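> The sequence shown begins at 16 in the numbering used here and counts up by one.
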Amino acid sequence: QKFALMFAFGSMTLLSSLAILKGPSAFASSLIEREKLPFSAMYLLGLVGTLVATIVMRSFIFTAIFGLTQAIALLYFLASYVPGGKAILNFCGRCCSKSARVVSGRLIRT
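1) My parser needs the beta strand (DSSP E) runs of 3 or more residues fully inside the stretch 57-120; what are they?
2) Taking the alpha helix (DSSP H) that G38 falls in, what are its first and last residues?
3) Hey, how far is the Cα of S112 from the Cα of L104?
4) Tell me whether A102 is buried or exposed, calling it buried when 16 or more other Cβ atoms sit within 10 Å of its Cβ.
5) Relative to the C-alpha of V97, which residue among L66, E50 and S32 is closest?
6) Under 8 Å: do the stretch 84-93 and the stretch 54-61 share three or more Cβ pairs, one atom per stretch?
7) Distance, Cα to Cα, I35 vs R109?
8) So what's K17 in DSSP terms, helix, strand or just coil?
9) Does DSSP classify I47 as helix, strand or coil?
10) In angstroms, rounded to a whole number, what distance separates the CA positions of M21 and G38?
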């Protein structure tokens with residue numbers, strides 16, 4: 016839970032630095048652009064969920080779920096600023112899922 020809390024604070028620091036570099040109003044308007052809004056909303060849900068699950072609920076399971084949601088959303092959120100970034104992440108995700116299926120299939124057979 017300590018890691019999730021520090022990761023959430025680190026993520027907020029990263030977003031604050033991006034807001035300072037781009038300007039707060041420009042950054043806020045880029046967060047609500049049509050193609051970035053799902054990633055922004057998922058990231059915000061993961062961030063707030065991580066903080067609530069860690070500080071208020073003290074639930075390891077919810078902290079893990081929201082922490083993973085936050086990490087994945089942060090990757091997609093940052094990739095949405097790079098041309099072709101989402102396509103690369105989707106490709107990596109497909110490769111990882113194929114590898115996981117192969118490994119799990121071999122484990123089940125043995």
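Backbone N, C-alpha and C fix where the C-beta goes; we use that ideal spot for every residue, glycine too. Note that the coordinates shown come from a computational prediction; the quantities given were computed from them, not determined experimentally.
Per the coordinate set shown:
1) Runs found: none.
2) Counted as a single uninterrupted DSSP element, the stretch harbouring G38 is not any alpha helix (DSSP H), since DSSP gives it neither H nor E.
3) 12 Å
4) exposed
5) E50
6) yes
7) 35 Å
8) helix
9) It is coil, neither helix nor strand.
10) 25 Å
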